[in-house]
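Be aware that the sequence shown starts at 1185, since it is given in our numbering, and climbs by one per residue. Built from N, CA and C at the ideal position, the CB exists for glycine as well. Computed from a prediction, not measured in an experiment: that's the story for all the values here. Read the structure below first, then the notes.
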Amino acid sequence: MVVADNLHSKLVGWSKIILPLAALALLSVLFMFARDTGPPSEISFAEIEAMARDQRISAPRFSGVTEDGAVVAISAKSAKPVIGQPETFSIDRVVARMDNPDGSSVDITATSGELNGLANRARFYGLARMETSSGYQMETNALTAELDTGIITSDGVIEIHAPFGELTAGQVTLQVTADAVGQQILFTQGVRLIYHPQDQR
């Protein structure tokens, strides 16, 4: 009986030592297999610094009212401040709309652009398309919109599909008329027109 009690005491004593050690061994094995065996991903300090500088705003929207009461809204996929020009934002995949007090409107889409809040000016680059509610569809490489006056000007040659035909011009200027009752479109600098007479049937 005494031998049995001694054996039991020894087993309990050894169990108090062996079982915690076994548990530690199992935990070590689990942590070992839980680690990713692939190559570690490394980010250089230069990449971290670049990410810190690249401060982007997703899906921004800017809006305002011109001196003549037209409502201007500009949205983009993203925007980020231009280095050295804190008042200017670089924007891409731009969509702009101007609704005039008389009910007419202008829609603009462009690949990219810049918005200068201090100068109240928006510039649209890449393939810039402009469409008016009066039926004019235009394409050019760059447009400038003065957000305080609502005047939109092409920076170069523009191709126009008009209700009466096809035009090309060195420059186009779109603005609200002096009496603020409609849009005025001025084609200048070498205008060429292909007239399509209306079907009189």
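Residue 1345, enclosing beta strand (DSSP E) - first and last residue: For the purposes of this step, residue 1345 is taken as the residue at position 161 of the sequence shown. Note, residue 1345: beta strand (DSSP E), 1342–1346.
Residue span of the beta strand (DSSP E) that contains residue 1269, given as start and end: In the sequence shown, the residue the question calls residue 1269 occupies position 85. Where residue 1269 is concerned, the enclosing beta strand (DSSP E) stretches over 1269–1283.
Residue environment, residue 1348, which counts as buried when at least 16 other CB atoms sit within 10 Å: Counting from 1 along the sequence shown, the entry for residue 1348 is found at position 164. Result: exposed.
Per-residue DSSP class, three states only, for residue 1300: By 1-based counting over the sequence shown, the position of residue 1300 is 116. Here residue 1300 sits in strand by DSSP.
Touch test, the region 1256–1267 against the region 1241–1248, Cβ-Cβ under 8 Å, three pairs minimum: Flag = yes, the region 1256–1267 and the region 1241–1248 touch.
Through-space distance from residue 1251 to residue 1345, alpha-carbon basis: Locating residue 1345 in the sequence shown gives position 161, where the first residue counts as 1. Locating residue 1251 in the sequence shown gives position 67, where the first residue counts as 1. Cα-Cα distance, rounded: 29 Å.
Straight-line Cα distance separating residue 1371 from residue 1292: Against the sequence shown, residue 1292 aligns to sequence position 108. Against the sequence shown, residue 1371 aligns to sequence position 187. Approximately 18 Å, taken between the alpha carbons.
Cβ neighbours of residue 1288 in the same chain (closer than 8 Å, five flanking residues each side left out): Numbered from 1 along the sequence shown, position 104 holds the residue referred to as residue 1288. Within the same chain, 1316, 1317, 1318, 1366 and 1367 come within 8 Å of residue 1288 by CB-CB distance, once the 5 residues on both sides are set aside.
Three-state secondary structure assigned by DSSP to residue 1331: The residue given as residue 1331 occupies position 147 in the sequence shown. It is coil, neither helix nor strand.
Contacting residues, own chain, Cβ-Cβ under 7 Å from residue 1218 (five flanking each side not counted): Position 34 of the sequence shown, counted from the first residue, corresponds to residue 1218. Because the pLDDT of residue 1218 is 48, which lies under 50, any placement of that residue in the model is unreliable, and the question is left without a value.
As assigned by DSSP and simplified to three states, the class of residue 1261: Counting from one through the sequence shown, the residue named residue 1261 turns up at place 77. Per DSSP, reduced to three states, the secondary structure at residue 1261 is coil, with no helix or strand assignment.
Where residue 1297 falls, given that 16 or more other Cβ within 10 Å makes a residue buried: Within the sequence shown, numbered from 1, the residue matching residue 1297 stands at position 113. Buried, because 16 or more other Cβ atoms sit within 10 Å of the Cβ of residue 1297.
Which of helix, strand or coil DSSP assigns to residue 1239: Residue mapping note: residue 1239 aligns to position 55 of the sequence shown, counting from 1. In the structure shown, residue 1239 sits in coil (DSSP, three-state: anything other than H, G, I, E or B).
Element boundaries [beta strand (DSSP E), containing residue 1249]: Taking the first residue of the sequence shown as position 1, residue 1249 is located at position 65. Unbroken beta strand (DSSP E) run through residue 1249: 1245–1249.
Alpha-carbon to alpha-carbon, residue 1255 and residue 1283: For the purposes of this step, residue 1283 is identified with residue 99 of the sequence shown, where counting begins at 1. For the purposes of this step, residue 1255 is identified with residue 71 of the sequence shown, where counting begins at 1. The C-alpha of residue 1255 is placed about 5 Å away from the C-alpha of residue 1283.
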